[in-house]
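J.:
Protein chains: 2
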Amino acid sequence: MRRDIFQAIADPTRRAIIALIALQAMTPNAIAENFNTTRQAISKHLRILTECELVKPEQHGREIYYSLEIDKMKEIEKWLEQFKKIWEAKFNQLDQVLSTIKKQEK
Amino acid sequence: MRRDIFQAIADPTRRAIIALIALQAMTPNAIAENFNTTRQAISKHLRILTECELVKPEQHGREIYYSLEIDKMKEIEKWLEQFKKIWEAKFNQLDQVLSTIKKQEK
DNA sequence: TATATGCGCAACTATTCGGTTTCTCAAATT
DNA sequence: AATTTGAGAAACCGAATAGTTGCGCATATA
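Top line first, the protein sequences correspond to chains G and R.
For the first sequence, this note's numbering begins at 6 and goes up steadily by one.
For the second sequence, this note's numbering begins at 6 and goes up steadily by one.
1) For P17 (chain R), does the count of other Cβ atoms within 10 angstroms reach 16, so buried, or fall short, so exposed?
2) Where do the N-terminal and C-terminal ends of the beta strand (DSSP E) with E68 (chain G) fall, by residue?
3) Taking only the alpha-carbon atoms, compute the straight-line gap between R19 (chain R) and Q12 (chain G) and give it to the nearest angstrom.
4) Taking the straight line between their C-alpha atoms, what separation do you get for A37 (chain R) and R44 (chain G)?
5) With DSSP as the reference, please indicate the residues paired to E63 (chain G) in a beta bridge.
6) Since E74 (chain G) contacts L51 (chain G) with CB under 8 Å, what's their CB separation in whole angstroms?
7) Quick one: Cα of E82 (chain G) to Cα of D76 (chain R), how far?
8) Can a CB atom of chain G be found closer than 9 Å to the CB of K79 (chain R)?
9) State buried or exposed for K111 (chain G), treating a residue as buried only when at least 16 other CB atoms are found within 10 Å of its CB.
Below, the structure is given as structure tokens:
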């Protein structure tokens, strides 16, 4: 069973769940109310998110509050960084082109 | 057929392809040499990457060079931004804690 | 012109995925 | 003590996915 962050955020429902609980922990039932699926389906998504540690469950009596592990999200950012260098380099190139045009206008 | 960037980068082979062609355009055969699969499998991945416009094909005679559409990668960055605010806020909280400790030390 | 090469497409297969339904368990509520 | 409620686990289903093999087409090369 592949279970990494990239596979976890591939599903739009899971991305929505992440956005939902980003600011405050929520129970599966509360989360499910925001979607057109059953609680069990949400429960499955939460299991996947928990397995790759994007989400952390916390038991309170018979309720389980799920919250986002924001640090794990940084791993996506980290992967993006290698490409950020490239697009920033391209931006600088464009910058050069623009300043060259300006010079020619003078 | 769902075809968005998040689903595209969910597959580790596709992420590797993206990293490979990030700096220079490559042909399917050249890309396939870096993997333990057939050219056809790579070709399929390239089709998916092309469909969601993460990759752009350019025909040169009978060869097709695939290059990364770096701008499309920014969409992931854009999605991450909403969470970046949260983790930066948390970092600032930590910063406050640290400075409080420093004050107490004085 | 005949052959080799680069490539995409189609058909097929095994596996995974997202979802539903049913079940059980434990914690609240009555 | 009996009932309701929150939640995970298991069994099942249809659809999608990643991969393979085989094919045809167009462009090079001999």
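Cβ atoms here follow ideal geometry from the backbone N, Cα and C, with glycine treated the same way.
T.: So, to answer that:
1) Exposed.
2) Per DSSP, E68 (chain G) belongs to the beta strand (DSSP E) from E68 to L73.
3) Between the C-alpha atoms of R19 (chain R) and Q12 (chain G) there is a straight-line separation of about 12 Å.
4) Spanning the two alpha carbons is a distance of roughly 42 Å.
5) Partner(s): G:Y70.
6) Not confirmed; about 13 Å, so no contact.
7) When rounded, the distance between both Cα atoms is 16 Å.
8) So yes, K79 (chain R) belongs to the interface.
9) Residue confidence is low: K111 (chain G) scores 49 on pLDDT, short of 50, so the model does not pin down where it sits. Its coordinate-derived value is still stated next. Under this definition K111 (chain G) is an exposed residue.
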